[in-house]
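Heads up: the protein sequence lines correspond to chains A and S, in order. Heads up: the first sequence begins at 1 in my numbering, then just goes up one per residue. Heads up: the second sequence begins at 1001 in my numbering, then just goes up one per residue. Taking it in order: structure first as structure tokens, then the write-up.
Protein chains: 2
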Amino acid sequence: MDRPGGAGTEGLRRDNTAAVLRSLRRRGPSTRAELAKDTGLAKATVGVIVADLQAAGAVAEEGSRPGVRGRPGRPVALRGEDVVALGLELNVDYTSAVVLDLAGRVVLSESRPVTGGTADLLALARDAYAAAVGDGRRLVGASVAVPALVRGDNRTVAWAPNLHLDGAGLADDLAATLADLGAGPTPVVRVSNDANCAAYAESHHGAARGAAHALYLTGTVGIGAGIVQDGELVRGGAGFAGEVGHMPLGDASALCGCGRHGCWEASVGLHAMLAEVGMHELDTPLRTAEAVAERAATDAEVRAGLERVGRGVGLGIAMLSSVLDPEVVVLGGYFAPLGDLVLDPARRTLDERLASAVQVRPELRLSTLGIRAAALGAAEQSLGPVFSGELDLTS
Amino acid sequence: MDRPGGAGTEGLRRDNTAAVLRSLRRRGPSTRAELAKDTGLAKATVGVIVADLQAAGAVAEEGSRPGVRGRPGRPVALRGEDVVALGLELNVDYTSAVVLDLAGRVVLSESRPVTGGTADLLALARDAYAAAVGDGRRLVGASVAVPALVRGDNRTVAWAPNLHLDGAGLADDLAATLADLGAGPTPVVRVSNDANCAAYAESHHGAARGAAHALYLTGTVGIGAGIVQDGELVRGGAGFAGEVGHMPLGDASALCGCGRHGCWEASVGLHAMLAEVGMHELDTPLRTAEAVAERAATDAEVRAGLERVGRGVGLGIAMLSSVLDPEVVVLGGYFAPLGDLVLDPARRTLDERLASAVQVRPELRLSTLGIRAAALGAAEQSLGPVFSGELDLTS
DNA sequence: GACATTAGTTCGAGACTCGTACTTAATAGT
DNA sequence: ACTATTAAGTACGAGTCTCGAACTAATGTC
């Protein structure tokens, strides 16, 4: 309801500073004159703001760009040396960490198998902090992606069928861990749904970059979705939007793990896919899918099974498109290795089921970020307040 | 991306003025002290802003409110005498107009049968203008709700299966009509989808008031939905979100008007409902539904038919809830007269199909605004820029 | 009738943006 | 080599805004 930066004139400055940062993120290195044109601010104002950001270590001048008439501008660029965000993912079989700097560069990326639950995550967080943050950098925030229903407060876990999580425990534990490490001004800690995080990452860095309205689907044993509109997640009333795995659609005879019949994931989840192609699960969903894709190259029955799965995927996307009208749908999880084997039949089904003659089929793309998507999105979300003006680096 | 009001200090004032107006709309008449507390602005600032608004005729002082210790505050309230917005609806068989003043009061509300298409709408617009605007008031905007796919620009009609509409013609015609009438500073004219307008109205004035995330369903021959999150419509990539009538769900044998099988509206649209209860259509969907409700009081077979329809409705809402997680679902159109005859079975189905143990069932409510919902929402949307700071009344 | 309490206004200080004029640094032309 | 031209960035003064503190105003309480 209120202006993000606050009501006074210093709030105005915060907003304008954030506008400059956003412009730099979107357009890359820019001169003060270009920033003035892009943000609509006066040249003088941009000059002051850039000087402040420079003093804070958030931007730096780059080599000049000659060749045109007139005095050459001196481009400034986002600088990541001093400001970073930490993204984590805790999943059933692995945990990941990504450290992202202000310029959007991945400073660190690591995954480990999970043996001890939350303890592994906290250990990874400590190591990542020591390796990529500790040396004088400022950590502006940390987020954990989990395969769970997370409430709209971005802290409390409401339901985590596959993990032993509950309430705000995870957020509190991570906050305590970071506090122990002496992270200067206490960074904001938040917990998010993994599909939402991955959707956020794909829409900012990945396959859906540039799309105003994107939908991300992750497929493992369950199917989850993340909805992004104008760069922000659509969360729903309690924060549970995107729980599409149990949409009542498709084969009414298929029994789902939830005890009901006809759920979407009972037709297109990993187990259903394996049943269709007559293969068995390997150690991880991704490796399993890779094996299936390999076999499909020589085995027509496997291809036929994937065709059936693809049609089911297309049907669900048709459903989601009727409701949400996304520009781009990104498929991640086990779908990524299968590629067009699933996407082609999905596209055909989608064409048959489009709601109206004018509604264009959303573009179906494969995830480009792979397994890091969720952790990357978590880090990106933690960086958000800097670019929205909520967090002021210059003060 | 940018601040709504603009970058300078006068833009700041616009934003703060808008914040005061929003506070007044939400809380009703308030003293300056209360406004200062609610908006977070300093008392002095609120004093200046209120004085400006008073000079512009947007607010007025009300009788004082004594009874407590200390100097009694003098409440100010939104005043509608000078500022109004026009909402219109053009449908297959009727056209409506609503004039809403700044205080949210309905100044005029009229419906007429349609015989000549767009011409009837423009005639109604002229009459409504003459009756409720002409006398010195300022018209800040006009919107038309149409049963059509409207692009994200809020002007161009992409597809109107039941009306002879195309492109930006309607918006241009209405703009020209208003210009002829000499509406001072040319008001903004926009065209919107009828379900979106009705959803907007229900979430601001009607059954979903106060809900952060609401879903509105309108049922006539087709089924349409509007999605509201935090007071704003979720529009999707091209503006076509909410076209839920053709979700591929339910009875695969049911043939839909669109030529495909299994569409939701083929199971729960007006015609499907009539087939279930074995009755015939009357002149309007609402009167038809009233007749069905009347018959249901005495006829068990009609009740059984409505039970089947209600289960279909519940199934679709379960689907939508998985995706969107709304707090409240409002049912309008022909569902309103049928009330619990449809809602009760829908609630039961919904309870069976909830996606997870923690996900709470969204509250199902009946539309309270009836046939005016769309026109009212259109008017409300036109009033929007005043409360967002896009339009400055004090300058 | 004095006092406590709360509402609203006045006033000066501080912060910010803006446009204009000015300085600086390069290229293009002679 | 020298001047004109072009565009980037800076300095400065004017204007607008918000804020806190002090002040005045209006009412209930003792």
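Here a beta-carbon is modelled for each residue, glycine too, at the ideal position from N, C-alpha and C.
Query - Neighbour-count burial assignment, Ala201 (chain A), 16 or more Cβ in a 10 Å radius - result: Here residue 201 (chain A) is taken as the residue at index 201 of the first sequence, counted from 1. Taking all protein chains in view, the Cβ of Ala201 (chain A) is crowded by 16 or more other Cβ atoms within 10 Å, so the residue is classified as buried.
Report task. Say whether chain S places a C-beta atom closer than 8 Å to the C-beta of Asn193 (chain A). Result -> Against the first sequence, residue 193 (chain A) aligns to sequence position 193. It does not; no Cβ of chain S falls within 8 Å.
Query raised in the report: In whole angstroms, what separates the C-alpha of Val1292 (chain S) from that of Val1188 (chain S)?
Result: As a first step, residue 1292 (chain S) must be located in the second sequence, where it is residue number 292. As a first step, residue 1188 (chain S) must be located in the second sequence, where it is residue number 188. Between Val1292 (chain S) and Val1188 (chain S), the C-alpha separation is close to 41 Å.
Report task. Answer yes or no: do Ala1378 (chain S) and Ala1125 (chain S) have a C-beta to C-beta separation smaller than 8 Å? Result -> The count along the second sequence starts at 1 and reaches residue 1378 (chain S) at position 378. The count along the second sequence starts at 1 and reaches residue 1125 (chain S) at position 125. It is not a contact, given that the beta carbons lie outside the stated cut-off.
Query raised in the report: Which residue from A:Glu89, A:Pro385 and A:Val114 puts its Cα closest to that of Ser192 (chain A)?
Result: On the first sequence, position 192 is the one that residue 192 (chain A) refers to. Answer by Cα proximity: A:Glu89.
Query raised in the report: What are the boundary residues of the beta strand (DSSP E) that includes Glu1380 (chain S)?
Result: For the purposes of this step, residue 1380 (chain S) is identified with residue 380 of the second sequence, where counting begins at 1. Where Glu1380 (chain S) is concerned, there is no enclosing beta strand (DSSP E), although the alpha helix (DSSP H) around it starts and stops at Ala1373 to Ser1388.
Query - Collapsed DSSP secondary structure at Gly210 (chain A) in the structure displayed - result: By 1-based counting over the first sequence, the position of residue 210 (chain A) is 210. Reduced to three states, the DSSP call for Gly210 (chain A) is coil.
Report task. Quick one: using the 10 Å Cβ neighbour count with 16 as the cut-off for buried, is His1246 (chain S) buried or exposed? Result -> Position 246 of the second sequence holds residue 1246 (chain S). That one is buried.
Query raised in the report: Can you list, in chain order, the residues of its chain whose CB lies under 8 Å from that of Gln1229 (chain S), leaving out five sequence neighbours each side?
Result: Reading the second sequence from its first residue, position 229 is the one you call residue 1229 (chain S). Within the same chain, Gln1229 (chain S) has close Cβ partners Ala1212 and His1213.
Query - Inter-residue Cα distance where the pair is Met1 (chain A) and Ala1019 (chain S) - result: Within the first sequence, the letter at position 1 stands for residue 1 (chain A). Within the second sequence, the letter at position 19 stands for residue 1019 (chain S). For Met1 (chain A), the predicted structure reports a pLDDT of 49, less than 50, and the residue's modelled location is therefore unreliable. A value from the coordinates is still provided. In this structure, the straight-line span from the alpha carbon of Met1 (chain A) to that of Ala1019 (chain S) is close to 8 Å.
Query raised in the report: Counting only beta-carbon atoms, is Asn1196 (chain S) nearer than 8 Å to chain A?
Result: Along the second sequence, read from residue 1 onward, the residue named residue 1196 (chain S) stands at position 196. Against chain A, the CB of Asn1196 (chain S) has no partner CB under 8 Å away; the residue lies outside that interface.
Query raised in the report: Expressed to the nearest angstrom, what Euclidean distance is found between the alpha-carbon atoms of Arg260 (chain A) and Gly1116 (chain S)?
Result: Along the first sequence, read from residue 1 onward, the residue named residue 260 (chain A) stands at position 260. Along the second sequence, read from residue 1 onward, the residue named residue 1116 (chain S) stands at position 116. In a straight line, the C-alpha of Arg260 (chain A) is about 51 Å away from that of Gly1116 (chain S).
Query raised in the report: Any contact of the region 253-273 of chain A with the region 1215-1233 of chain S, i.e. 3+ C-beta pairs under 8 Å?
Result: Because the criterion of three Cβ pairs below 8 Å is not met, the region 253-273 of chain A and the region 1215-1233 of chain S do not touch.
Requested in this report: Check whether the Cβ atoms of Gly1417 (chain S) and Arg1032 (chain S) lie closer than 8 Å to each other.
Outcome: Lying outside 1001 to 1395, the shown extent of chain S, residue 1417 (chain S) is not represented and no answer is given.
Report task. Would you please verify whether the beta carbon of Ser1322 (chain S) is less than 8 Å from any beta carbon of chain A? Result -> Residue mapping note: residue 1322 (chain S) aligns to position 322 of the second sequence, counting from 1. Yes, contact with chain A.
Requested in this report: Could you list which residues in chain A have their beta carbon closer than 7 Å to that of His1213 (chain S), in chain order?
Outcome: The sequence position of residue 1213 (chain S) within the second sequence is 213, counting from 1. The contacting residues are Gly236 and Gly237.
Query raised in the report: Cα separation between Glu1243 (chain S) and Asp15 (chain A)?
Result: Within the second sequence, the letter at position 243 stands for residue 1243 (chain S). Within the first sequence, the letter at position 15 stands for residue 15 (chain A). Rounded to the nearest angstrom, the gap between the Cα atoms of Glu1243 (chain S) and Asp15 (chain A) is 36 Å.
**Report entry** Neighbour-count burial assignment, Asp283 (chain A), 16 or more Cβ in a 10 Å radius
**Finding:** Sequence index remark: in the first sequence, residue 283 (chain A) carries index 283 (1-based). Exposed: under 16 other Cβ atoms inside 10 Å.
Report task. Go ahead and label His164 (chain A) buried or exposed: buried means 16 or more other beta carbons lie within 10 angstroms of its beta carbon, across all protein chains shown. Result -> To locate residue 164 (chain A), count along the first sequence from 1; it is residue 164. So His164 (chain A) counts as exposed.
Query raised in the report: Mind checking whether Val330 (chain A) and Arg365 (chain A) have CB atoms under 8 Å apart?
Result: Taking the first sequence and counting its residues from 1, one reaches residue 330 (chain A) at position 330. Taking the first sequence and counting its residues from 1, one reaches residue 365 (chain A) at position 365. With a cutoff of 8 Å on beta-carbon distance, Val330 (chain A) and Arg365 (chain A) are scored as near each other.
Query - From S:Pro1285, S:Gly1305, S:Ile1227 and S:Thr1394, residue whose alpha carbon lies closest to that of Leu1320 (chain S) - result: Counted from its first residue, the second sequence places residue 1320 (chain S) at position 320. Minimum Cα-Cα distance from Leu1320 (chain S) among the listed residues S:Pro1285, S:Gly1305, S:Ile1227 and S:Thr1394 corresponds to S:Ile1227.
**Report entry** Among A:Glu307, A:Glu363 and A:Leu383, nearest to Tyr216 (chain A) - alpha-carbon criterion
**Finding:** In the first sequence, counting from the first residue as 1, residue 216 (chain A) sits at position 216. Of the listed residues, the one whose Cα sits closest to Tyr216 (chain A) is A:Glu363.
**Report entry** Glu380 (chain A) classed as buried or exposed, judged by whether at least 16 other C-beta atoms fall within 10 angstroms
**Finding:** Residue 380 (chain A) sits at position 380 when you count from the first residue of the first sequence. With at least 16 other beta carbons inside 10 angstroms of its own, Glu380 (chain A) counts as buried.
Query - Burial state of Pro72 (chain A), where buried means 16 or more other Cβ atoms lie within 10 Å - result: Walking along the first sequence from the start, residue 72 (chain A) turns up at place 72. Pro72 (chain A) is exposed by the Cβ-count criterion.
Query raised in the report: Grouping DSSP H, G and I as helix and E and B as strand, with all else coil, what is Leu1393 (chain S)?
Result: Here residue 1393 (chain S) is taken as the residue at index 393 of the second sequence, counted from 1. Looking at Leu1393 (chain S) - three-state DSSP - the assignment turns out to be coil, as it is neither helix nor strand.
Requested in this report: May I ask you to report which of helix, strand or coil DSSP gives Arg69 (chain A)?
Outcome: Stepping through the first sequence from its first residue, residue 69 (chain A) is reached at position 69. Arg69 (chain A): coil per DSSP, three-state reduction.
Requested in this report: Please check if any C-beta of chain S sits within less than 8 Å of the C-beta of Gly242 (chain A).
Outcome: In the first sequence, counting from the first residue as 1, residue 242 (chain A) sits at position 242. Yes, its Cβ sits closer than 8 Å to a Cβ of chain S.
Query raised in the report: When the distance is taken between beta carbons, is Val46 (chain A) closer than 8 Å to Leu24 (chain A)?
Result: By one-based count along the first sequence, residue 24 (chain A) stands at place 24. By one-based count along the first sequence, residue 46 (chain A) stands at place 46. It is not a contact, given that the beta carbons lie outside the stated cut-off.
Report task. Can you tell me which of A:Leu383, A:Leu21, A:Leu149 and A:Val360 puts its alpha carbon nearest to the alpha carbon of Thr39 (chain A)? Result -> Translated into positions along the first sequence, residue 39 (chain A) becomes position 39. Ranked by how close their Cα comes to the Cα of Thr39 (chain A), the residues A:Leu383, A:Leu21, A:Leu149 and A:Val360 have A:Leu21 in first place.
Query - Local conformation of Ala1019 (chain S) per DSSP, three classes - result: As a working note, residue 1019 (chain S) is residue 19 in the second sequence. Correct three-state label for Ala1019 (chain S): helix.
Query raised in the report: Between Asp1166 (chain S) and Asp1173 (chain S), what straight-line distance do the alpha-carbon atoms span, to the nearest angstrom?
Result: Here residue 1166 (chain S) refers to the residue found at position 166 when the second sequence is read from its first residue. Here residue 1173 (chain S) refers to the residue found at position 173 when the second sequence is read from its first residue. Approximately 12 Å, taken between the alpha carbons.
Query raised in the report: Since Leu1090 (chain S) is in the beta strand (DSSP E), which residue starts that stretch and which ends it?
Result: As a position in the second sequence, residue 1090 (chain S) is number 90, starting the count at 1. Its beta strand (DSSP E) spans residues Val1083 to Leu1090.
Requested in this report: Under 7 Å between beta-carbons, which chain A residues line up against Trp1204 (chain S)? List them in chain order, please.
Outcome: As a position in the second sequence, residue 1204 (chain S) is number 204, starting the count at 1. Looking at the sequence itself, residue 1204 (chain S) is His, so the reference to Trp does not match. Result: empty, since nearest Cβ-Cβ is about 14 Å, beyond 7 Å.
Report task. May I ask you to list the residues that DSSP assigns as paired with Gln1229 (chain S)? Result -> Numbered from its first residue, the second sequence carries residue 1229 (chain S) at position 229. Answer is S:His1213 and S:Glu1232, bridged to Gln1229 (chain S).
**Report entry** Cβ shell of Pro29 (chain A) (< 7 Å), same chain only, five flanking positions each side left out
**Finding:** As a first step, residue 29 (chain A) must be located in the first sequence, where it is residue number 29. The residues are Glu62, Pro75, Val76 and Ala77.
Query raised in the report: Assuming Thr1349 (chain S) and Ala1318 (chain S) make a contact with CB atoms under 8 Å, what is their CB distance in whole Å?
Result: Your numbering for residue 1349 (chain S) matches position 349 in the second sequence. Your numbering for residue 1318 (chain S) matches position 318 in the second sequence. So it is a contact: roughly 7 Å between Cβ atoms.
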